[in-house]
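Novice:
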Amino acid sequence: MKHHYIPQFYLRPWLGEDHKLEEFGREPYSGQIRSRRRGTNSTGYEHDLYTIPGADEQTKHNIERIFMGTVDKTAATARDLLLSGVIPTGELRYAWSRFLMSMAMRTPEEMRKYKENFVKLWMKPVAKYQAEYERLRKEGWPDTLEEYFRLRDPTMAPRQAMVIATDLMQRET
Numbered sequence: 149m150k151h152h153y154i155p156q157f158y159l160r161p162w163l164g165e166d167h168k169l170e171e172f173g174r175e176p177y178s179g180q181i182r183s184r185r186r187g188t189n190s191t192g193y194e195h196d197l198y199t200i201p202g203a204d205e206q207t208k209h210n211i212e213r214i215f216m217g218t219v220d221k222t223a224a225t226a227r228d229l230l231l232s233g234v235i236p237t238g239e240l241r242y243a244w245s246r247f248l249m250s251m252a253m254r255t256p257e258e259m260r261k262y263k264e265n266f267v268k269l270w271m272k273p274v275a276k277y278q279a280e281y282e283r284l285r286k287e288g289w290p291d292t293l294e295e296y297f298r299l300r301d302p303t304m305a306p307r308q309a310m311v312i313a314t315d316l317m318q319r320e321t
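All residue numbers for the sequence shown refer to this note's numbering, where the first residue is 149 and numbers rise by one.
Shown next as structure tokens:
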């Protein structure tokens, strides 16, 4: 599924008379810069960028469909107010700041770094949790909490990374 890290509403003010944008990019092999006309649905996305690992088919795209959809829809309303010279208040002011926070995190590069670092930290539990695990550990269980996590549910850490990412994007502080 296409997950738009540059929301379509955000691109619309730059559409030409043909309802397309001028997209610039580098050719993968030659490195040469090329340009082409694209619609908002055909640029600024990566397939499955916000997919929830380990989720079923019905819910694995909920971050894109539900969370990002809400973020972008309310931000579009706030943006329209801003462009008309009105400073949003209340929920729309919050919606605009939530959108700006999401823009700082939602690019493919940032999401990859975030998920990688989150999983690394998740899989290296602090000493007190390892000690508690050793105290509770039953015969046949792995020696370390890290091994236990990997065997129990290998998608737990990357799944939690995605859930917590949505919390970070909408944190009021």
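Glycine residues also receive a C-beta, built at the ideal position from the N, C-alpha and C atoms.
Between Leu169 and Pro256, how many whole angstroms is the CB-CB distance? I'm expecting something under 8 angstroms.
Specialist: Within the sequence shown, numbered from 1, the residue matching residue 169 stands at position 21. Within the sequence shown, numbered from 1, the residue matching residue 256 stands at position 108. Rounded, the Cβ-Cβ distance is 18 angstroms, inconsistent with contact.
Novice: Do Pro273 and Glu258 count as a contact pair if the criterion is CB distance below 8 angstroms?
Specialist: Taking the first residue of the sequence shown as position 1, residue 258 is located at position 110. Taking the first residue of the sequence shown as position 1, residue 273 is located at position 125. Contact: no.
Novice: What separation, rounded to the nearest whole angstrom, lies between the Cα atoms of Leu163 and Thr188?
Specialist: Numbered from its first residue, the sequence shown carries residue 163 at position 15. Numbered from its first residue, the sequence shown carries residue 188 at position 40. For Leu163 and Thr188, the distance between alpha carbons rounds to 8 angstroms.
Novice: By Cβ distance below 7 angstroms, which residues in the same chain neighbour Gln156 in space, the five residues on each side in sequence not counted?
Specialist: On the sequence shown, position 8 is the one that residue 156 refers to. Thr188, Asn189, listed in sequence order.
Novice: Look at the alpha carbon of Phe172 and the alpha carbon of His209, and state the distance between them as a whole number of angstroms.
Specialist: In the sequence shown, the residue the question calls residue 172 occupies position 24. In the sequence shown, the residue the question calls residue 209 occupies position 61. Looking at the two C-alpha atoms, the distance is approximately 28 angstroms.
Novice: Verify whether the separation of the beta carbon atoms of Thr321 and Phe215 is less than 8 angstroms.
Specialist: For this step, residue 321 is matched to residue 173 along the sequence shown. For this step, residue 215 is matched to residue 67 along the sequence shown. The answer is no: Cβ separation not under 8 angstroms.
Novice: Whole-angstrom Cβ separation of Lys263 and Ala309, contact assumed at under 8 angstroms?
Specialist: As a first step, residue 263 must be located in the sequence shown, where it is residue number 115. As a first step, residue 309 must be located in the sequence shown, where it is residue number 161. Contact holds; Cβ gap of about 5 angstroms.
Novice: Can you give me the Cβ contacts of Ile91 inside the same chain, cut-off strictly under 8 angstroms, excluding the 5 residues immediately before and after it?
Specialist: Since the first residue shown for the chain is 149 and the last is 321, residue 91 is missing from the structure and cannot be characterised.
Novice: Would you mind sorting Tyr177 into buried or exposed? The rule is 16 or more other CB atoms within 10 Å of its CB.
Specialist: The count along the sequence shown starts at 1 and reaches residue 177 at position 29. By the neighbour-count rule (16 or more Cβ atoms within 10 Å), Tyr177 is not buried but exposed.
Novice: Spatial neighbours of Met253 within its chain, please: C-beta separation below 8 angstroms, excluding the five flanking residues on both sides.
Specialist: The sequence position of residue 253 within the sequence shown is 105, counting from 1. Counting only Cβ-Cβ distances below 8 angstroms, and skipping sequence neighbours, we find Met259, Tyr262, Ala313, Leu316, Met317.
Novice: For the candidate residues Asp166, Glu165, Arg184, whose alpha-carbon lies nearest to that of Arg174?
Specialist: Within the sequence shown, numbered from 1, the residue matching residue 174 stands at position 26. Comparing Cα positions, the closest option is Arg184.
Novice: Using beta-carbon positions only, say whether His167 and Tyr193 come within less than 8 angstroms of one another.
Specialist: One-based indexing of the sequence shown puts residue 167 at position 19. One-based indexing of the sequence shown puts residue 193 at position 45. Contact: no.
Novice: Using DSSP's beta-bridge definition, name the partner residues of Tyr193.
Specialist: Counting from one through the sequence shown, the residue named residue 193 turns up at place 45. BP columns for Tyr193 point to His152.
Novice: Going by DSSP, what residues sit across from Gly173 in a beta bridge?
Specialist: As a working note, residue 173 is residue 25 in the sequence shown. Paired residues: Arg182.
Novice: Within 10 angstroms of the Cβ of Ile181, are there 16 or more other Cβ atoms? Answer buried if so, exposed if not.
Specialist: Within the sequence shown, residue 181 is the residue found at index 33, counting from 1. Result: exposed.
Novice: Please determine, among Pro306, His195, Trp270, the residue with the shortest C-alpha to C-alpha distance to Ile154.
Specialist: As a working mapping, residue 154 is identified with position 6 in the sequence shown. Closest option to Ile154, Cα to Cα, is His195.
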